[in-house]
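J.: As numbered in this note's numbering, residues 78 to 286 make up the sequence shown, in order.
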Amino acid sequence: MHSDSDSVIRAENRAQGLRIKRNNLIAASLSGLALVFISVKFVPPSRAGFLFGMLAGFVYANGFEYCLHRFLLHCGHGIFSKQHMVHHANLKSPDAARYVNFSSNPWGVVALFIANAIPFFILEWIFKNGWVAGAFLSFALYYMAFEEIHWRSHMGGWLPEWLAPAARHHLRHHADDTGYFNVFLPMFDWIVSQVSSSSPQTRVRRELR
Ligand SMILES: [Zn+2]
Ligand SMILES: [Zn+2]
78 MHSDSDSVIR AENRAQGLRI KRNNLIAASL SGLALVFISV KFVPPSRAGF LFGMLAGFVY
138 ANGFEYCLHR FLLHCGHGIF SKQHMVHHAN LKSPDAARYV NFSSNPWGVV ALFIANAIPF
198 FILEWIFKNG WVAGAFLSFA LYYMAFEEIH WRSHMGGWLP EWLAPAARHH LRHHADDTGY
258 FNVFLPMFDW IVSQVSSSSP QTRVRRELR
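1) What is the C-beta distance between serine 293 and glycine 185, in whole angstroms, given that I count them as a contact (C-beta under 8 Å)?
2) Roughly how far, in whole angstroms, is the beta-carbon of phenylalanine 190 from the beta-carbon of glycine 109, given that I think they are within contact range, below 8 Å?
3) Kindly indicate the opening and closing residues of the alpha helix (DSSP H) around leucine 293.
4) Going by DSSP in three states, valine 177 sits in which element: helix, strand or coil?
5) Is the CB-CB distance between leucine 262 and asparagine 178 below 8 Å?
6) Return yes when the Cβ of phenylalanine 213 is within less than 8 Å of the Cβ of leucine 112, no when it is not.
7) For glutamate 201, which of Asn100, Phe127, Val85 has the nearest alpha-carbon?
8) Quick one: residues with CB closer than 6 Å to any heavy atom of ligand 2, in chain order, please.
9) Would you call the CB atoms of histidine 231 and alanine 194 closer than 8 Å?
10) Does the Cβ of histidine 146 lie closer than 7 Å to at least one heavy atom of ligand 1?
11) Using the three-state DSSP reduction, which class does serine 170 fall into: helix, strand or coil?
12) Spatial neighbours of methionine 78 within its chain, please: CB distance less than 8 Å, with the 5 preceding and 5 following residues excluded, ordered by chain position.
13) Quick one: does the C-beta of leucine 150 sit closer than 7 Å to a heavy atom of ligand 1?
Below you can see the structure in the form of structure tokens.
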């Protein structure tokens, strides 16, 4: 009886989580498209500029994910950190699906895109550089990949073979508090481990001695 009602709750929450994920995806695509459109109108990019922008936006998105997760979501106080701790605490509960998405409201996604766009628009305004549109495109693609991969890492679902280590990297963050904060691509985790003396890799090296 108990496990029956558990599985009903689980299914309902999963359906709700999937709805939230779909709405966030729509919000991210529309926000990304709007930002690309505005920046192209403002300073039309060259092909090389656009490609450079895509690379810059990709690195930026990975660094932003690292900083947000490490310094805001794991800072131990404030509403965002509290919400993230609910995600950490509820992974096995029937409620888990409600706390997997980045935001429970698509306007949170729109706000994320606008907040991140402001410094890029200021750069474009000052330097009239044509690469900003490419950065917006790859930021949007990164966000969509992040939401989908994070969901599938926790809730199950098909992931290509080459993404299995990515899912494991994040599940270890949950299981062992590894000190790694990238969700699916540990690029900044690696960069930080090269420059920081208190990084998880350095700790491991020290313990092995
Ligand atoms: Zn976390
Ligand atoms: Zn997670």
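For glycine and all other residues, C-beta sits at the position ideal for the given N, C-alpha and C. No experiment lies behind these values; they were computed from the predicted model shown.
T.: Taking the coordinates as given:
1) Past the boundaries of the shown model lies residue 293; the chain is included only from 78 to 286, so the question cannot be answered.
2) 7 Å
3) No answer is possible for residue 293: the residues shown for the chain start at 78 and end at 286.
4) DSSP places valine 177 in the coil class of the three-state scheme, outside both helix and strand.
5) No.
6) yes
7) Phe127
8) His164, His227, His231, His247, His251
9) In this structure, alanine 194 does not lie closer than 8 Å to histidine 231 by Cβ.
10) yes
11) coil
12) Here methionine 78 scores only 49 on pLDDT, less than 50, and its place in the model should not be relied on; the value that follows carries that caveat. Excluding residues within five positions, none has a Cβ falling inside 8 Å.
13) A distance criterion of 7 Å places the beta-carbon of leucine 150 in contact range of ligand 1, judged by its closest non-hydrogen atom.
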